[in-house]
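Numbering of the sequence shown is given in numbering that gives the first Met the number 0, commencing with residue 0 and proceeding in unit increments. As C-alpha cells, the structure follows; a few thoughts come after it.
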Amino acid sequence: MRTAVVSPTYDERDNIEWFLHAVRERLPDAHIFVIDDNSPDGTGVIADRLAAELGGVTVVHRNGKEGLGSAYRHGFEVALDHDFELVISMDVDRSHDPTVLPALVAAIEAGADVVVGSRYVPGGGTANWPLHRRVLSAWGNRYTGLALGLKVRDCTSAFRGYRAAALVKIDPSSTRADGYAFLTELIRRAARNGMQIDEVPIVFVDRQFGTSKMSGRIIVESMALVTMWGCRDALRTLQRSITRRRG
Ligand SMILES: Nc1nc2c(ncn2[C@@H]2O[C@H](COP(=O)(O)OP(=O)(O)OP(=O)(O)O)[C@@H](O)[C@H]2O)c(=O)[nH]1
Ligand SMILES: [Mg+2]
Numbered sequence: 000m001r002t003a004v005v006s007p008t009y010d011e012r013d014n015i016e017w018f019l020h021a022v023r024e025r026l027p028d029a030h031i032f033v034i035d036d037n038s039p040d041g042t043g044v045i046a047d048r049l050a051a052e053l054g055g056v057t058v059v060h061r062n063g064k065e066g067l068g069s070a071y072r073h074g075f076e077v078a079l080d081h082d083f084e085l086v087i088s089m090d091v092d093r094s095h096d097p098t099v100l101p102a103l104v105a106a107i108e109a110g111a112d113v114v115v116g117s118r119y120v121p122g123g124g125t126a127n128w129p130l131h132r133r134v135l136s137a138w139g140n141r142y143t144g145l146a147l148g149l150k151v152r153d154c155t156s157a158f159r160g161y162r163a164a165a166l167v168k169i170d171p172s173s174t175r176a177d178g179y180a181f182l183t184e185l186i187r188r189a190a191r192n193g194m195q196i197d198e199v200p201i202v203f204v205d206r207q208f209g210t211s212k213m214s215g216r217i218i219v220e221s222m223a224l225v226t227m228w229g230c231r232d233a234l235r236t237l238q239r240s241i242t243r244r245r246g
C-alpha cells in the first residue's frame, strides 16, 4: 500500500534524527511528512538536512506554534493531496514504538478502516509515565468511551493508521480541537460512519528528551468537548425517541 507517515514536530531536536531513521528502517517505502511549526530549537533545519540525505521525506514549515491538532490536520491534508492509500500518524518524541508500524499496515491491509495503537487493550500499556499521567489518561479514556458510547479503548492515542478513503470521509480539516481532543473527534466520526476500527497493543514510552507540550488548557479542552459531544448525542437520541413515539 502506498503509505504516508505524518508527524508534527515542535522542539524535537534530540528526537528527529532517530525518528526518521527508525521509520525508514521499519517502512522503507513510506513517505514521511514532517510538519514543523518553526521550532525555536532548529528542528526544522535539521529535518531539512535529513530530508536531503534520506529522500522520501517532505518537511512542511509553518510560521509558528499552532498546536498538535492543527499540525495533524495540515499533515493529513497534504498527504491526502498526494494520493496515498494509507496515512499513519505518529509522534516524533520516541513515545510511539516504530516496531509497531508493520502491524498498523497489516491491520489496514486486512480490512480495517482505522487502526489505533492502543494502551488499553491486552498487551498494551505505558512505560515510566508518572502516576498522575497514567490516572489522567486511563480515566480520561474511560470517561470518553462512556460519554460518547465508543467501543474503542484508547481514543487519545495519536499512533494510528487510516485508510485514505476513510480519512477523506472523516474530513479532519473540518474538526476544531487543537489538543488531543482532536484525536477523539476523529475516532468519533469514524465510529459514526460505521467504520471498522481495530486496535493493536502498544506500550507508550514517556519522552526522555525534549519537553512535553501537554498543558492544563489541552486537558480542559478535551474534557469540555467530550462532555459537549456526549450531551449532544444524548439529546439527539432523546429527540429521536420522542419523534418515534409521536409518529
Ligand atoms: N507542529 C507542531 N507539533 C507539535 C505541537 N505540539 C506538539 N507537537 C508535536 O506533537 C507530538 C506530540 O507532542 P508532545 O509534546 O509529545 O505532546 P504529548 O504527546 O501530548 O505529551 P507527552 O505525553 O508529554 O509526550 C510531538 O511530535 C510534538 O513535537 C505544535 O504546536 N505544532
Ligand atoms: Mg508525547
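Idealized CB from N, CA, C, for every residue including glycine.
Query                                                                                                                                                     : Result
Below 8 Å between beta carbons: does that hold for methionine 0 and valine 104?                                                                           : yes
Report yes if the C-beta distance between glycine 160 and alanine 223 is below 8 Å; otherwise report no.                                                  : no
When the distance is taken between beta carbons, is proline 97 closer than 8 Å to valine 22?                                                              : yes
Where does aspartate 117 land, buried or exposed, given buried means 16+ other C-beta within 10 angstroms?                                                : First, the amino acid is wrong: residue 117 is serine here, not aspartate. Buried, since its Cβ has 16 or more Cβ neighbours within 10 Å.
Under 7 Å: does the beta carbon of arginine 206 sit that close to some heavy atom of ligand 2?                                                            : yes
Is the beta carbon of arginine 12 less than 8 Å from the beta carbon of threonine 57?                                                                     : no
Between Gly55, Asp28, Asp82, Ala50, which lies nearest to leucine 166 when the distance is taken from Cα to Cα?                                           : Asp82
Any heavy atom of ligand 2 within a distance shorter than 7 Å of the CB on serine 38?                                                                     : no
Hey, is the region 125–137 in contact with the region 57–68, meaning 3+ C-beta pairs nearer than 8 Å?                                                     : no
Give, in chain order, every unbroken run of the beta strand (DSSP E) that is at least 3 residues long and sits entirely within the region 4–36.           : 30–35
Can you tell me whether aspartate 10 sits near ligand 2, meaning its C-beta is under 7 Å from at least one heavy atom of the ligand?                      : no
Tell me which same chain residues have a C-beta within less than 8 Å of the C-beta of leucine 49, skipping the five on either side of it?                 : Ile15, Glu16, Leu19, Val56
Please confirm if the region 139–158 is in contact with the region 178–195, defined as three or more CB-CB distances below 8 Å between the two stretches. : yes
Helix, strand or coil for glycine 123? Go by DSSP, reduced to three states.                                                                               : coil
State the beta-bridge partners of serine 117 as determined by DSSP.                                                                                       : Pro200
Where glutamate 235 and alanine 29 are concerned, what is the direct C-alpha to C-alpha distance, given to the nearest angstrom?                          : The amino acid occupying residue 235 in the given sequence is arginine; glutamate does not appear at that position. Going by the C-alpha atoms only, they are around 41 Å apart.
Assign leucine 130 to one of two classes, buried (16 or more other C-beta atoms within 10 Å of its C-beta) or exposed (fewer than that).                  : exposed
Determine the DSSP secondary structure at threonine 155, reduced to helix, strand or coil.                                                                : coil
For serine 221, verify whether its CB is less than 7 Å away from any heavy atom of ligand 2.                                                              : no
Measuring alpha carbon to alpha carbon, tell me which residue in Val91, Ala70, Gly110, Pro7 is nearest arginine 206.                                      : Val91
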